[in-house]
Amino acid sequence: MSISRLLHLGLSLLLLTPGGANAIELLNGKLAVNGFGTLGVARSTDSNAEFIRDISQQDGTAGDWDGDVDSRFGLQLRADLTETLDAMVQGVSRYDHNGSYEPKLTWAFLRYNPDPAVTLRLGRVALDSYMLADSRDVGYSYLWVRPPVDYYGTRHLSHIDGGDIVLRRPLGDGLLWGKLYAGLADEKVNSDLAGVVLDATGSRVYGGHINYEVGRWRWQLGLGEIDYRLEAPDEFLNQLDLLAFFQPRLAEGLRDAVSPTTIQMSSLGVAYDRGPLQIQAMLGQLNRSGDEIDLTTAFITAGYRLEPVTPFVSLSGARTRGFALSEFGIPSNEKAGLTQQTLSLGGRYDVARNIALKGQVDFINVDQVGLMWRHVQPDWDQDTAVFSLALDFVF
């Protein structure tokens, strides 16, 4: 997306939201329309590898300003059917595995709320197996230009077709609540292996998390499991058959990467918000067969509100043990996996009640590129800075 086109689109959208952050209500308030969006540009300092926001994206930024990495737009429609039953639909347009902005239906559920202690949803629901997961497309809801890539970038499943249930009860001075969810995935990922798009549709996802909110603190512990299946196109499988004649171990490893497997997810998160100080921290683990690619991720962010500006600093990282390339018949002492760490500095300026302007610079050091980069060149030194600007809005 060109910068001029992005700015033109942004001005057009802002003209649609002059009255603040209130929803558009129809039929005496029984029907409500909300929207959100991000107009973002990002530029990496290195042309030898393309920086992406998450592994669902086809391409990224490499030495030039790019408007695709962070820009996204969404609309929500809520209908109150009875006092205890409502319906919600959400569509989001964002840069995807095909290099397009084709809108996707990310929510479509019925919600039953018989009393404040119980909420049941059935249909297509957000997969919020860790903090901020259900709002990562809504840039206005957080400090950063984008959620820390080292933590959220590999977690590409954003919704499931199934349902969830939330139970709440007071405990001490706070609120204890938990969620259980189960369903099937319906998303695709660009693997950057000869442009192959892998289809995770039909992967079974189930799990839950327990939360405790007291005062300015919120704690969350999450556990889940994905019976993960990635369907590869026939062309890719035929190429593996050919590769097996020359590099049998490498072909076997690539075939294992698209074979059905089970992934266990666990996470621990904490958030603190009191006065001007905001702190968020998360630790996550993704385990699958073979400890070489078990993934440990973490981040911590601190921000301090100096109305209307909030500067922040963030540290994040992702680490796998990795496979020795020599095991695959490749003459190299390096490993293949995902290991990188990022220092982020930035600030948020609240222009209005429903508009925020953000700036951020990420200093990234990479040891193993994994799938978090696109079109990596052999002479890349694996150190990159990424400069980002974003205009977030809601209505």
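Residues -23 to -1, 1 to 372, numbered by mature numbering (1 follows the signal peptide of the UniProt record, and there is no 0), are exactly what the sequence shown covers, in order. We put the beta carbon where it would ideally sit given N, CA and C, even for glycine. From a predicted model like this one, the values you see are computed outputs, not experimental measurements.
In terms of CA proximity to residue 112, 134 leads the group 134, 97, 99. By the C-beta criterion, the stretch 66 to 78 is judged to be in contact with the stretch 30 to 48, since at least 3 inter-stretch pairs fall below 8 Å.
Your pair residue 137 and residue 162 checks out as a contact, with CB atoms roughly 6 Å apart and the cut at 8 Å. Annotation: the continuous alpha helix (DSSP H) that includes residue 212 extends over 211 to 220. The bridge partners DSSP lists for residue 244 are 199, 261.
Residue 114 and residue 6 have their C-alpha atoms roughly 25 Å apart.
The secondary-structure analysis by DSSP pairs residue 226 with nothing; it has no beta-bridge partner. Short of 7 Å from the beta carbon of residue 94, and not among the five residues preceding or following it, lie these beta carbons of its own chain, in chain order: 144, 145, 146. For residue 286, there is no enclosing alpha helix (DSSP H); the enclosing beta strand (DSSP E) has its first and last residue at 286 to 296. In terms of Cβ geometry, residue 321 and residue 121 form a close pair [threshold 8 Å].
By the CB criterion at 8 Å, residue 130 and residue 349 fall inside the cutoff.
Under DSSP, the beta-bridge partners assigned to residue 142 are 97, 157.
Looking at the backbone, the Cα of residue 101 and that of residue 312 are separated by about 39 Å. Here residue 136 is bridged, per DSSP, to 103.
In this model, residue 248 and residue 279 are separated by some 10 Å (Cα to Cα).
Distance from the Cα of residue 63 is smallest, within the candidate group 99, 52, 79, 50, for 99. At a Cβ-Cβ threshold of 8 Å, residue 367 and residue 338 do not count as neighbours. Counting the other Cβ atoms within 10 Å of the Cβ of residue 46 gives 16 or more, which makes it buried. Residue 290 is classed as exposed because its beta carbon has fewer than 16 other beta carbons within 10 Å across all chains shown.
Bounds of the alpha helix (DSSP H) holding residue 128 are 126 to 129. Taking the C-beta atoms as reference points, residue 175 is found nearer than 8 Å to residue 235. The shortest C-alpha to C-alpha distance from residue 140 to any of 86, 335, 240 is the one to 86. In its chain, beyond the 5 residues on either side, 51, 67, 68, 69, 101, 103, 114, 135, 136 have a beta carbon closer than 8 Å to the beta carbon of residue 83. The three-state reading of DSSP puts residue 58 in coil, since its state is none of H, G, I, E or B. Leaving aside the five residues that flank residue 354 on each side, the residues in its chain whose CB is nearer than 6 Å to its CB run, in chain order, 25. Look at residue 21 here: in three-state DSSP terms it is strand. Going by DSSP, residue 165 is part of the beta strand (DSSP E) stretching over 165 to 167. Our two residues, residue 14 and residue 371, have alpha carbons roughly 7 Å apart in a direct line. CA-to-CA, the gap between residue 158 and residue 226 works out to about 38 Å. Residue range 332 to 346 is occupied by the beta strand (DSSP E) that includes residue 338. Residue environment: residue 168 is assigned as buried (16 or more neighbouring CB atoms within 10 Å of its CB, all protein chains considered). The stretch 188 to 205 makes contact with the stretch 242 to 257, as at least three CB pairs between them are under 8 Å. Between residue 265 and residue 238, the C-beta spacing is below 8 Å. Between residue 288 and residue 273, the alpha-carbon positions lie close to 27 Å from each other.
Contact between residue 283 and residue 253 holds, since their C-beta atoms are separated by about 7 Å, short of 8 Å.
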